[in-house]
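Only one structure is covered here, and it is reproduced in the block below.
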Amino acid sequence: KPRSVIYISLGSVAHIETREVLEMALGLCDSNQPFLWVIRPGSIYGSVSLPEELSKMFSKRGYIVKWAPQNEVLAHPAVGGFWSHCGWNSTLESIVEGVPMICRPFQGEQKINAMYIASVWSVGIQLEGEVERGVVKRVVKRLIVDEEGACMRERG
């Protein structure tokens, strides 16, 4: 289905707490939206096998991969949203393809980019504070299902 898939890639440097990854996974499952999630080896604190465990958990709804050709993924007509760390290259690639973003910055310029994406250009939603499954579900729905996401795609 066009614009129904959420693509998740949090960059090549970020390390994420296991609890946050689990909340993301549960919220994605609760959203009932298909997704493609890039989880680099070693990017989750304290877990070696978590990506494999998560893959089993949502084998019908989404895929976890170690790498994806981001430009090609964002250009695919099925992709309707991009959950990103908001690095400069990811930000530009998403805007060029007209794919609205869920912003989860970790450091440096990512926080400034996220502020512009959400508050100035209005092509994304910024996640702030603790990532929790209910928040994840709501944000994914806002981006993929609700009119708000469609308006963001038109601005992109």
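Numbering (my numbering), first residue to last: 3 to 158.
Here a beta-carbon is modelled for each residue, glycine too, at the ideal position from N, C-alpha and C.
Treat the numbers as computed from the prediction; the structure is a model and nothing was measured.
- When rounded, the separation of the alpha-carbon atoms in I119 and V125 is 5 Å.
- Distance check between G13 and each of F84, L30, Q35, V147 places F84 closest, using alpha-carbon atoms only.
- Counting along the chain, I104 sits inside the beta strand (DSSP E) bounded by residues 103-105.
- Of the residues assessed, A27 falls on the buried side of the cut-off, its CB having 16 or more other CB atoms within 10 angstroms.
- Under the DSSP assignment, S92 falls in the alpha helix (DSSP H) whose first and last residues are 90-99.
- Under the Cβ criterion (8 Å, minimum of three pairs), the region 135-142 does not count as touching the region 63-75.
- Setting aside the 5 residues that flank it on each side, L30 is surrounded in the same chain by F37, each with a C-beta closer than 6 Å to its C-beta; the list follows chain order.
- Separation of R63 and I41 (C-alpha to C-alpha, rounded to the nearest whole angstrom) is 16 Å.
- Under the three-state reduction of DSSP, I41 is assigned to coil, being neither helix nor strand.
- Taking E25 as the centre and dropping the five residues before and after it, the same chain places the C-beta of V133, E134, R135, V138 closer than 7 Å to its C-beta, in chain order.
- P102 places its beta carbon 7 Å or farther from that of L129.
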